[in-house]
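Colleague: One structure is given below, represented as structure tokens, and several questions about it will come after.
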Amino acid sequence: MRRPLTPARLLAGTALLSLVALLGPAAGATATAKAAPRPAPAQTPVAPRALVLYDTTGPWGPLGGTYVTELVKLTGHLGAWVAHPVTGYVPGEVNRYAGVVYLGSTYDEPIPPAFLDDVLSTRVPVLWAGDNIWQLAARTAGFAHRYGYTWKRLDFAPVAHVVYRGTALTRDPANPAGIMDELVTDPAKATVLGAAVRPDGSTFPWAVRSGNLTYVGEVPLSYRSPTDRSLAFADLIFDVLAPDRAARHAALLSQHDVGQDADPARLRAVVSELYRVPPPARPRR
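Going by the numbering used here, the final residue of the sequence shown carries number 285, and the count climbs one at a time with no gaps.
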């Protein structure tokens, strides 16, 4: 059995090699071939966990790729992913992944019928955001009966808040894109996850879940702020792509623009103030 190479053995071996070099072959040393370097261990490729589909047609087609970039910031920690235009979808593709996200940013994008059929038949969790839900509803008879809701119209009210899990998240009222209003016909089948609040205080569903299909009435990846409804979207993606993962509320704090001319007393004051935060939110040095 080969013993581990300890620092003491390494030192002894180094001394022996030095002695052999000094005495030469006359001392009875035998030259040995240098051991070949060990090959690097093979890395097991990580199977993609999520499929992200997006729109590319029309004058606003390039927005699809931009939204994917923003989405990856929300899903990258959940595992590997694959993204491509929805127009390139192949039958059965959804069933290769743990979850699917479709970003409907182009009105009436030519969605392949195979994708619509697979969304209706798969057991894989699907999050559908934004436009073209009407194509899915038209693909099957009795959509409202099956899912307990149906789409009504795009609501262009200047919504300034979205209420999600009891928290009012902001939404820029200057956002010109509408939000799809849904009509819930069977609350036993469809659960309203978030509500958009109009200026007059009235509300309508912002996100609805029925079975393995979660629908969000917009693509909430533009007109963003640190307190806006994209936080709810991130939470919904977590539910779709990693439903069994335990919640871990962690945060990363980085202090920038600290140079050699910074006041040490002020820096210590900032750190001391942060350490007043009770655990588990207390920062580490």
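C-beta atoms are modelled at their ideal positions from N, C-alpha and C, and glycine is treated no differently.
Phe204 lies in the beta strand (DSSP E); which residues open and close that run?
Modeller: Phe204 -> beta strand (DSSP E) spans 203-210.
Colleague: Can you tell me the Cβ-Cβ gap for Val197 and Val163, rounded? I've got them flagged as a contact below 8 Å.
Modeller: With a Cβ gap of about 6 Å, Val197 and Val163 count as contacting.
Colleague: Where does the unbroken beta strand (DSSP E) through Trp151 begin, and where does it stop?
Modeller: 149-155 is the extent of the beta strand (DSSP E) around Trp151.
Colleague: Output yes or no for whether 8 Å exceeds the beta carbon distance between Trp81 and Arg49.
Modeller: Cβ distance < 8 Å, so Trp81 and Arg49 count as in contact.
Colleague: Is the beta carbon of Leu241 closer than 8 Å to that of Ala98?
Modeller: In this structure, Leu241 lies closer than 8 Å to Ala98 by Cβ.
Colleague: Quick check on the burial criterion: 16 or more other C-beta atoms within 10 angstroms. Buried or exposed for Asn132?
Modeller: The residue is buried, with at least 16 neighbouring Cβ atoms inside 10 Å.
Colleague: Can you tell me whether Ala174 is buried or exposed? The criterion is at least 16 other CB atoms within 10 Å of its CB, across all chains shown.
Modeller: Looking at its Cβ environment, which holds fewer than 16 other Cβ atoms inside 10 Å, Ala174 is exposed.
Colleague: Use the C-beta contact count for Arg229: other C-beta atoms within 10 angstroms, 16 or more gives buried, fewer gives exposed.
Modeller: Under this definition Arg229 is a buried residue.
Colleague: Can you give me the Cβ contacts of Pro158 inside the same chain, cut-off strictly under 7 Å, excluding the 5 residues immediately before and after it?
Modeller: If we look at Pro158 and ignore the five residues flanking it on each side, its Cβ neighbours are Pro173, Pro199.
Colleague: Mind checking Trp151: buried by the 16 CB within 10 Å criterion, or exposed?
Modeller: Result: buried.
Colleague: Does the count of Cβ pairs from the segment 83-92 and the segment 52-62 closer than 8 Å reach three?
Modeller: Judged by Cβ distances under 8 Å, the segment 83-92 makes contact with the segment 52-62, as three or more pairs qualify.
Colleague: Less than 8 Å separating the beta-carbons of Gly217 and Asp186?
Modeller: No, they are not a contact pair.
Colleague: In the structure shown, what three-state DSSP assignment does Tyr223 receive?
Modeller: Three-state result, Tyr223: coil.
Colleague: Ordered along the chain, which non-local residues of its own chain (more than five positions away) have a Cβ less than 7 Å from that of Leu183?
Modeller: Closer than 7 Å at Cβ, skipping near neighbours: Tyr149, Thr150, Lys152.
Colleague: Note the first and the last residue of the continuous alpha helix (DSSP H) segment covering Ala188.
Modeller: Note, Ala188: premise wrong, no alpha helix (DSSP H); not H, not E.
Colleague: If we ignore side chains and look at the alpha-carbon of each, how far apart do Thr75 and Glu93 end up?
Modeller: When rounded, the distance between both Cα atoms is 19 Å.
Colleague: Assuming contact is defined by CB atoms lying nearer than 8 Å, are Leu221 and Glu70 in contact in what I supplied?
Modeller: Yes.
Colleague: Return the CA-CA distance between Arg139 and Leu116, expressed in angstroms with no decimal places.
Modeller: Going by the C-alpha atoms only, they are around 7 Å apart.
Colleague: Check Gly195 in the structure and name its three-state DSSP category.
Modeller: Just to set this straight, residue 195 is Ala in the shown sequence, not Gly. Ala195: strand per DSSP, three-state reduction.
Colleague: Pro91 to Ser225, Cα distance in whole Å?
Modeller: So the two alpha carbons sit approximately 37 Å from each other.
Colleague: Alpha carbon to alpha carbon, what distance is there between Tyr89 and Glu109?
Modeller: Spanning the two alpha carbons is a distance of roughly 13 Å.
Colleague: Restricting to Cα atoms, I'd like to know which of Ala262, Leu253, Asp155 is closest to Tyr275.
Modeller: Out of Ala262, Leu253, Asp155, Leu253 has the C-alpha closest to the C-alpha of Tyr275.
Colleague: Expressed to the nearest angstrom, what Euclidean distance is found between the alpha-carbon atoms of Thr44 and Gly79?
Modeller: Per-residue confidence for Thr44 stands at a pLDDT of 48, beneath the threshold of 50, marking its modelled position as unreliable; no derived number is given.
Colleague: If you run the structure through DSSP and keep just helix, strand and coil, what is Asp228?
Modeller: In this structure, Asp228 counts as strand in the three-state DSSP scheme.
Colleague: I need the DSSP call for Tyr67, collapsed to helix, strand or coil.
Modeller: Looking at Tyr67 - three-state DSSP - the assignment turns out to be helix.
Colleague: Three-state secondary structure (DSSP) at Val101?
Modeller: Strand, per DSSP.
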